[in-house]
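Chains A and B, in that order, give the protein sequences.
Take the first sequence: its letters are residues 34 to 254, numbered as in our numbering.
Take the second sequence: its letters are residues 34 to 254, numbered as in our numbering.
Number of protein chains: 2
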Amino acid sequence: MVASLVGDPARANMLTALMNGRALTASELAQEAGITPQTASSHLAKLEAGGLVEPEKQGRHRYYRLTDDDVAGVLEGLAGLAARTGHMRVRTGPKDPALRRARICYDHLAGDLGVQMLDSLRERHLVRQRKQEIELTAEGERFLAKHLQISPDMLSHPRRPVCKACLDWSERRHHLAGTLGAAMMQRFAELKWAARDPTPGSRVVNFTRTGEKQFAALFGK
Amino acid sequence: MVASLVGDPARANMLTALMNGRALTASELAQEAGITPQTASSHLAKLEAGGLVEPEKQGRHRYYRLTDDDVAGVLEGLAGLAARTGHMRVRTGPKDPALRRARICYDHLAGDLGVQMLDSLRERHLVRQRKQEIELTAEGERFLAKHLQISPDMLSHPRRPVCKACLDWSERRHHLAGTLGAAMMQRFAELKWAARDPTPGSRVVNFTRTGEKQFAALFGK
DNA sequence: TTCATGCTTCGATGGTAGCCGAAGCATTGG
DNA sequence: CCAATGCTTCGGCTACCATCGAAGCATGAA
C-alpha cells in the first residue's frame, strides 16, 4: 500500500527531499534521512516498487526523482492534513540546536545560516532564483570575487550545476547548493570563519567568533 | 504522521468503508476491517487523534465519519496512486454506483461524469492539457462565459491554480480540479442541475433530470 | 435493581519491518 | 590491471505495534 510507504519516517524524509522536483542520489537521500546507505537502498527499492520514485542510472550514481506531479500532489495533500492537526512529521529535522543552526549538507552550508545566506543573496540580487533554478548575476560574480576570492572559472564542473536550490532539512526552505555552495563553504573553512566539528561523523559546523561577525556582515539581515 | 495512520491495513479498510460519507459504528467498522472490537477501538482512537475521523455519540453507539472532504480527497489521491501501480487493495473505487457516477472530491466533480467532462473539454480544445498541467484556451473562456456565466476573473486565486488534473479514484483517469473545477461544480448547483446528497456527510452528487440533459448537451460524447 | 449491549482500557504476546555490519557487484579513474 | 567509490544483498538484531483475552465503564432496557 502506498500510504504505508510514505508512513515510515525515513522514507518520508527522502520523499520530502525530493519534493523540489530535483533528482538526488541514493547516498544523498540516505544522508537526508539520517540513515546508512544499506538501509536507504532497501527503502528506495520499496519506493520504486510502489511507483513513487523513479531511478535513473548515471555512471556509478543512481539518481532518484518523484515519479510525477501526481505523486507530489498526494504528498502535499498529506502534508496539508498533517499540518492541519498539528501532527507534523515525526522526525522534523535534527533535534540538536547546533545542527539546526549550521551543518554540512553534502558539501555546503545548511541549517538556519545556510537558509539565511541564500535569502540574503537573493534579496540583494546577487543571484536570481526562479522556482528551483538559481543563476548567478553579474553583480553576484563581482561580489564573490571581491569578498571571497571566488572566480567563476573555479565553479564550472562537467555534471554539477554551479547553483542549486537545496531544500533545507530543518528549515524546510532552500539553501544554496551546487559548486558555488561548496566553494563558499570551503572558503569559510579556509578563512577560518567556520570548521566542521571534529567529532567523527558529525555534520555540525562551528563558526568562530570572527567568522560569525564576518558572515553577518556579508549575509546578515 | 498521517500517512502511517492510513498505512495500516486494518485502518485503511475502515477508512475505505467510510469513503461513501456515511457514519458507521465502531463495531461495524471492526467487522469491515476483520478485527475484534478492542483492536478497532485502539485504531479509531488513533485515527481520531490524527484528525482523520470524527466520533458522534448516540445512545450506546459511537458513530465515526471522515472529518471532512479534504480527508476524503487525500484518500482518493492515495487510492489513485495505488490503483495506478497495480498495488490495489481489495476493490477499485467505491462500490456504490451513485458514488462511482458522480461525487465530490474536495470541492469539485469526480467520478464517471467528472472524468467525462474533462475528456470533453480536452477533445473540443476548450482546455489544453500537457501532462498534469491544464490550461484554459481562449475558446474555452468563451464557452464558459456563454454557457455557464463563468468569467476568468472569478477564477484567479493567489495560491490555487485555475486548472489542475486530479487523479480519479474510481476511473483511474484525470478529472478537473482547481478553481475552475470548483466554480463549475458550484454553478451546476446554482443552476439546479445537480446537488450534493442531503444525507449528512454523503459525497454523492445527484443530478436532476434536466441537469442530466444539460450536462450531456455540453459535455456528452 | 439487574441484566445485556457497546465500547474502552490493560496486559501479554508475536510478527513484522527498520536498522546496521559485513561482504559482494558495478563503474570509474589512475 | 588495481584501487576507490557508489550502491546492493545478506544475516542477525531489536523495537515497535497490531492483535486478542480479560476485565472495566457506560448506556439502555426490563
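Even for Gly, the Cβ is constructed at its ideal location relative to N, Cα and C.
Here the structure is a predicted model, which means the values were calculated and not measured.
*Does A/T69 come within less than 9 Å of chain B when only Cβ atoms are used?*
no
*Roughly how many whole angstroms lie between the Cα atoms of B/L129 and B/I137?*
The identity of residue 129 of chain B in the sequence shown is Asp, whereas the question assumes Leu. Approximately 14 Å between the Cα atoms of the pair.
_Residue(s) in a DSSP beta bridge with A/T58_ = A/Y96
_Residue range of the alpha helix (DSSP H) that includes B/H180_ = 171 to 181
_Determine, for A/D41, whether the minimum Cβ-Cβ distance to residues of chain B falls below 9 Å._
yes
*According to DSSP, is B/R261 helix, strand or coil?*
Because chain B spans 34 through 254 in this model, residue 261 of chain B falls outside it and cannot be assessed.
*For B/H141, count neighbouring Cβ atoms within 10 angstroms of its own Cβ and tell me buried if that reaches 16, exposed if not.*
buried
*Using a Cβ-Cβ cut-off of 7 Å (strictly less than) and excluding sequence neighbours within five positions of B/A105, which residues of its own chain qualify?*
M52, L99, R236
*Based on Cα-Cα distance, which residue from A/D230, A/R229, A/R44, A/K225 lies nearest to A/Q247?*
A/K225
*Starting from the Cα of A/E168, find the closest Cα among A/R220, A/A210, A/A116, A/F240 and give me that residue.*
A/A210
*Got a sec: which bits of the segment 86 to 115 of chain B sit with their beta carbon under 8 Å from any beta carbon on chain A, in order along the chain?*
D103, V104, G106, V107, G110, L111, G113, L114, A115
_DSSP three-state assignment for B/P185, whether helix, strand or coil_ = helix
*Based on the DSSP output, what are the partners of B/K90 in its beta bridges?*
B/R95
*Span separating the alpha-carbon of A/L177 from that of B/R44*: 55 Å
*Rounded to whole angstroms, what's the CA-CA distance from B/V35 to B/L188? Just pull it up for me.*
31 Å
_Could you compute how far the alpha carbon of A/A250 sits from the alpha carbon of A/L151?_
14 Å
_Cα-Cα separation, A/S75 to A/A50_ = 17 Å
*asked:* Here's a check: name, in chain order, each residue in its chain whose Cβ is nearer than 7 Å to the Cβ of B/G84, leaving out the five neighbours to either side.
replied: T100
*A/M47 touches chain B at which residues, Cβ-Cβ below 7 Å?*
By Cβ distance, chain B contributes nothing, its closest Cβ being about 13 Å from A/M47, past 7 Å.
_Please tell me whether B/G253 has its Cβ less than 9 Å away from any Cβ of chain A._
no
*Just the C-alpha distance for A/T118 and B/M47, rounded to the nearest angstrom, thanks.*
20 Å
_Secondary structure of B/N53, DSSP reduced to three states_ = coil
*With C-beta atoms as the reference, is B/A66 less than 9 Å away from B/H94?*
no
*asked:* Closest to B/L114 by C-alpha separation, out of A/V86, A/T69, A/A112, would be which residue?
replied: A/V86
*Give the straight-line distance between the Cα atoms of B/A56 and B/A78, rounded to the nearest whole angstrom.*
16 Å
*From the DSSP output, read off the bridge partner residues of A/L146.*
Answer is none; A/L146 lacks a bridge partner.
*asked:* With H, G and I counted as helix, E and B as strand and the rest as coil, what does DSSP make of B/R155?
replied: helix
*With DSSP collapsed to three states, give me the class of B/R163.*
strand
*Measuring CB to CB, does B/S153 end up less than 9 Å from B/F240?*
no
_Contact set between B/T118 and chain A, taken where Cβ atoms lie within less than 7 Å_ = G83, G84
*Near B/E89, which residues of its chain fall below 6 Å by C-beta distance, leaving aside the five closest residues on each side in sequence?*
Y96
*Can you grab the Cα-Cα spacing for the pair B/H208 / A/R157, in whole Å?*
43 Å
*Quick one: what does DSSP say B/R236 is sitting in, helix, strand or coil?*
coil
*According to DSSP, what are the bridge partners of B/H208?*
B/C199
_Top-ranked residue by Cα proximity to B/V39, from B/L80, B/Q64, B/T72_ = B/L80
*In the structure shown, what three-state DSSP assignment does A/A135 receive?*
coil
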